[in-house]
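See structure below.
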Amino acid sequence: MATDKKSKLKARLPRGLVDRGPGEIAATQAMIDKIRAVYELYGFEPVETPAIEYTDALGKFLPDQDRPNEGVFSFQDDDEQWLSLRYDLTAPLARHVAENFQNIALPYRSYRFGFVFRNEKPGPGRFRQFMQFDADTVGSASPAADAEICMMAADTMEALGIPRGSYVVKVNNRKVLDGVLEAIGLGGAENAGRRLTVLRAIDKLDRLCIEGVRLLLGEGRKDESGDFTKGAGLGADDIDAVINSIAPTAASSAATSPTSSLKAESASFSVSGGEAILRGPEADILGYISNRRQYFPDSKAYQTGLEELAQIAALCVSSGYDQDRIRVDPTVVRGLEYYTGPVFEVELLLDTKDEKGRPVRFGSVGGGGRYDGLVSRFRGEPVPATGFSIGVSRLQAALALIGEIDTTPAPGPVVVTVFDKARLADYQAMAATLRKAGIRAELYLGNPKNMGNQLKYADRRRSPCVVIQGSNEKDHASGTPHVIVKDLLLGAELAKLDKDREDYLARQEEAQALVPEADLVAAVRKVLQRHGIG
RNA sequence: GCAGCUGUAGCUCAGUUGGUUAGAGCGCCUGACUGUGGAUCAGGAGGUCGGUGGUUCGAGUCCACCCAGCUGUACCA
0 MATDKKSKLK ARLPRGLVDR GPGEIAATQA MIDKIRAVYE LYGFEPVETP AIEYTDALGK
60 FLPDQDRPNE GVFSFQDDDE QWLSLRYDLT APLARHVAEN FQNIALPYRS YRFGFVFRNE
120 KPGPGRFRQF MQFDADTVGS ASPAADAEIC MMAADTMEAL GIPRGSYVVK VNNRKVLDGV
180 LEAIGLGGAE NAGRRLTVLR AIDKLDRLCI EGVRLLLGEG RKDESGDFTK GAGLGADDID
240 AVINSIAPTA ASSAATSPTS SLKAESASFS VSGGEAILRG PEADILGYIS NRRQYFPDSK
300 AYQTGLEELA QIAALCVSSG YDQDRIRVDP TVVRGLEYYT GPVFEVELLL DTKDEKGRPV
360 RFGSVGGGGR YDGLVSRFRG EPVPATGFSI GVSRLQAALA LIGEIDTTPA PGPVVVTVFD
420 KARLADYQAM AATLRKAGIR AELYLGNPKN MGNQLKYADR RRSPCVVIQG SNEKDHASGT
480 PHVIVKDLLL GAELAKLDKD REDYLARQEE AQALVPEADL VAAVRKVLQR HGIG
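Numbering (our numbering), first residue to last: 0 to 533.
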């Protein structure tokens, strides 16, 4: 082993990865339980797949020489076949369903959670390993399947303690945008690249506002660091057509203010064009959709997309899910070359500050959509599917910041201190007695040379109390051996005001009970009850 | 990937126009206060100043390159 300082190994975690302690693990577990309960309620059943798949099953091309492992972590098996760590839970599910097609009753509702891996630049709230919780319905092309996913997403947010109004499930349909792109002459395989550029620009609306998107649709945009992003190179009329399709109220006006993105969002749930507004949310959203139908009447994709949206909206509304929970939002893009119809996104609307007092936007904590091509890749026949994933890690960070997650560490075990090294067996027996009574307990395993260190240790362990037995207690005047049960939490309270040692020690005496050894369990229970530790 | 900013003790940071043995606070370790967390007091450990090369009599300080981190941007199934 290397012992000199120069050659010693530096302990370090690769960037974008985190270790997680007991508090975070407990919080994650609590979230998972809540999510699972909602999914089970909707009739979904668990299925688990491994973290590693054949690279081609994930739909990625083999890593090439220039940019190996772009986006995914990949490596070669003994037989030289490429394997990858999964980057989501949907593609592996598609593989699972295709591989076990005979044994699965369609439509198949399933859920799973686990870590996924992305080899990308990490950032605040973005990691290279993070947890997703995924649910999918495979084998149904019905908009009812999509609507159900949306309602389930809304229920899940509320089960997690996010109040109604602090989140929104946004729904859009890729066919609508496809129709618009087709109408402005970007149809066909030869325009795939420009279509992507347009979709990416739209996806940035929430950050860049209307004007930024306009630039990206046209020549391009320079950001504040001076970096230039090339645009889609559309003409002015085409840009207007695209902007109009995602934000009708902003299309004709030269929106430049930072609030223009808000206008775009509000357009998604209000009827534009002065049309008579019927009462109630149902009329509102369906009215909006029917209003949109007047554009691109010849585009089949556009009209089909709106029809599907109308059906999803109607289904949600008829089940009581109004626009305070689920909304149609024409700016949602997601999964550029993945989703084939409806797309969903769950956004947190919380207004919070980080440790440095800067405002934080959580944005999307979950998303999904219909992916009719993903299973059929493996089979000759079409297999429609729709699903939804929650970013558990990101959502947990958000919940922690708004105080919805209890971050105070759990209390530690009772610590049995070692006063006399020769009597280790006796102390060990006390710990065993406590454990038999169902009380978390441990024997002090460090160097027991003085009591101060042992108490300091117990304090840092967050122990509610310690057990002490020295010769004074062992040889108690009554003839029966006694023990001291010292309440550390109470002791900390009592000690606050005193600054001289005599007072301090006197106060410490108050926080401890001298009881016969036979009453050890009862005395410890009393302390636990005092502090509400079950 | 591109751009900007930043790298000094475990942590947060000082360190003057380049000038002796690079400092502080907190934390950590040892001890004192009869067998008790805190407070107090007395000691102690810990840094080739991110790395390499250069300019200079002399570099933590100036220059070049590299590495790492942060922020923005691009990509993001």
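Where is the CB? At the ideal position from N, CA and C, for every residue including glycine.
Closest Cα partner of residue i within the set the options
{"i": "E47", "options": "P91, T54, E344 and P21", "result": "P91"}
{"i": "R326", "options": "V96, I209 and G164", "result": "G164"}
{"i": "V345", "options": "V17, E157 and Y443", "result": "E157"}
{"i": "P21", "options": "T155, I201 and P408", "result": "P408"}
{"i": "F126", "options": "L398, R393 and Q310", "result": "R393"}
{"i": "T330", "options": "G445, V342, R324 and G70", "result": "V342"}
{"i": "I288", "options": "D297, Q310 and E218", "result": "Q310"}
{"i": "A440", "options": "E23, L527 and R117", "result": "L527"}
{"i": "K229", "options": "R193, E380, I242 and A240", "result": "R193"}
{"i": "P142", "options": "R422, L308, S375 and S318", "result": "L308"}
{"i": "E306", "options": "L88, S318, N290 and S317", "result": "N290"}
{"i": "G368", "options": "P381, A50 and D145", "result": "D145"}
{"i": "S318", "options": "F43, L88, M150 and E492", "result": "M150"}
Neighbour-count burial assignment, residue i, 16 or more Cβ in a 10 Å radius
{"i": "T406", "result": "exposed"}
{"i": "G366", "result": "buried"}
{"i": "A134", "result": "buried"}
{"i": "S109", "result": "buried"}
{"i": "A424", "result": "exposed"}
{"i": "R94", "result": "buried"}
{"i": "A457", "result": "buried"}
{"i": "E274", "result": "Because E274 sits at a pLDDT of 28, beneath the cut-off of 50, its placement in the model cannot be relied upon, and the following sentence gives the value as read from the coordinates. E274 should be labelled exposed."}
{"i": "N172", "result": "buried"}
{"i": "A537", "result": "Residue 537 lies beyond the stretch modelled for the chain, which goes from 0 to 533, so this question has no answer here."}
{"i": "S83", "result": "buried"}
{"i": "L348", "result": "exposed"}
{"i": "D237", "result": "buried"}
{"i": "L12", "result": "exposed"}
Inter-residue Cα distance where the pair is residue i and residue j
{"i": "Y338", "j": "N190", "result": "18 Å"}
{"i": "G184", "j": "L105", "result": "39 Å"}
{"i": "I31", "j": "I389", "result": "10 Å"}
{"i": "E119", "j": "L433", "result": "49 Å"}
{"i": "S251", "j": "D55", "result": "Model confidence at S251 stands at a pLDDT of 41, short of 50, so the residue's coordinates are unreliable; what they give is reported in the following sentence. Going from the Cα of S251 to the Cα of D55 covers about 45 Å."}
{"i": "G490", "j": "S477", "result": "27 Å"}
{"i": "T303", "j": "L16", "result": "43 Å"}
{"i": "E501", "j": "K455", "result": "19 Å"}
{"i": "G362", "j": "L519", "result": "53 Å"}
{"i": "K473", "j": "I24", "result": "41 Å"}
{"i": "K299", "j": "A140", "result": "18 Å"}
{"i": "V401", "j": "D18", "result": "One detail in the question is off: residue 401 reads as Ile in this sequence, not Val. So the alpha carbons of these two residues sit roughly 22 Å apart."}
{"i": "A505", "j": "A399", "result": "40 Å"}
{"i": "L195", "j": "K9", "result": "43 Å"}
{"i": "E336", "j": "F74", "result": "24 Å"}
{"i": "I161", "j": "R324", "result": "11 Å"}
{"i": "L207", "j": "V332", "result": "15 Å"}
{"i": "F377", "j": "G445", "result": "59 Å"}
{"i": "P45", "j": "W81", "result": "28 Å"}
{"i": "E218", "j": "G232", "result": "5 Å"}
CB of residue i within 8 Å of CB of residue j, strictly
{"i": "F129", "j": "V115", "result": "yes"}
{"i": "A436", "j": "V137", "result": "no"}
{"i": "G211", "j": "R220", "result": "yes"}
{"i": "L204", "j": "I148", "result": "no"}
{"i": "P480", "j": "E516", "result": "yes"}
{"i": "D154", "j": "V37", "result": "yes"}
{"i": "V170", "j": "D321", "result": "no"}
{"i": "K174", "j": "Y301", "result": "yes"}
{"i": "V197", "j": "L180", "result": "yes"}
{"i": "L176", "j": "A200", "result": "no"}
{"i": "F418", "j": "G451", "result": "no"}
{"i": "Y86", "j": "L57", "result": "yes"}
6 Å CB neighbourhood of residue i in its chain, flanking five on each side removed
{"i": "H530", "result": "P463 and L488"}
{"i": "P410", "result": "R461, P463 and I532"}
{"i": "L442", "result": "V415, Y426, Q427 and A430"}
{"i": "D371", "result": "T339 and P383"}
{"i": "A152", "result": "V168, V345 and F387"}
{"i": "I34", "result": "F132 and T155"}
Close-in-space but distant-in-sequence residues of the same chain around residue i (CB under 7 Å, 5 per side omitted)
{"i": "K485", "result": "C464, V465, I467, A510 and Q511"}
{"i": "Q395", "result": "A26, T27, M30 and I404"}
{"i": "V523", "result": "V413, L433, I438, C464 and V484"}
{"i": "I103", "result": "V96"}
{"i": "Y503", "result": "A494 and D497"}
{"i": "V374", "result": "A93, V96, A97, V137, V382 and A384"}
Nonlocal neighbours in the same chain, by C-beta distance under 8 Å from residue i, ignoring five residues either side
{"i": "D65", "result": "Low confidence applies here, because D65 scores a pLDDT of 46, under 50, leaving its location unreliable; read the following figure in that light. Taken in chain order, the list of residues that qualify is empty."}
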